[in-house]
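Numbering (the numbering used here), first residue to last: 4 to 126.
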Amino acid sequence: MSNLDLALKDMMSIDGAIGAAVVDYSSGMALGMLGNSKTLDLQIAAAGNTEVVRAKLRTIDQLGLNEDIEDILITLSGQYHLIRPMSGPKSKGLFLYLALHRERANLAMARHRLKGIEQELDI
């Protein structure tokens, strides 16, 4: 099993997880996806969240901030969507995406686990 497959399985083991992906934000394409929801199209989520990441990076640049994005949280009425750009030298240009059931997820724990997964993932 590849490092990517293990990372996706780890992401899906987070309480409340309904979908996970590793996405290349230069193309908007998912390198890998795993999910158990019929209502969450991970291909569409990968492409749409690519635009979110690009817009935030562009805004940071325009503001002249010397900052990196740790994560982006999108809160819906029934779900959390976490986006975590990867920072490793080989994984620059990629982000982790995790969708969670809001009622079943512990947001602080999910963020903590996602950070650990990002640090261990070598692509």
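Backbone N, C-alpha and C define an ideal beta-carbon position, used for all residues, glycine too.
Taking Val26 as the reference, which of Lys41, Leu101 and His115 has the closest Cα?
Looking at the Cα atoms, Leu101 is the closest of the given residues.
Could you check if Glu2 is buried or exposed, using at least 16 other CB atoms within 10 Å of its CB as the buried criterion?
Nothing about residue 2 can be read from this structure; the chain reaches only from 4 to 126.
Please name the residue or residues paired with Thr78 in a DSSP beta bridge.
Answer is Tyr83, bridged to Thr78.
Proximity winner among Asp125, Met14, Ala49 and Ile126, relative to Leu117 (alpha-carbon distances):
Residue Met14 is the option with its Cα nearest to Leu117.
Gly22 and Ala108: beta carbons closer than 7 Å?
No Cβ-Cβ contact shorter than 7 Å links Gly22 with Ala108.
Secondary structure at Leu66, three-state DSSP: helix, strand or coil?
Here Leu66 sits in coil by DSSP.
Close Cβ partners of Arg105 (< 6 Å) along its chain, the five nearest in sequence each way excluded:
Once the five neighbours on either side are set aside, the close Cβ partners of Arg105 are Gly81, Gln82 and Tyr83.
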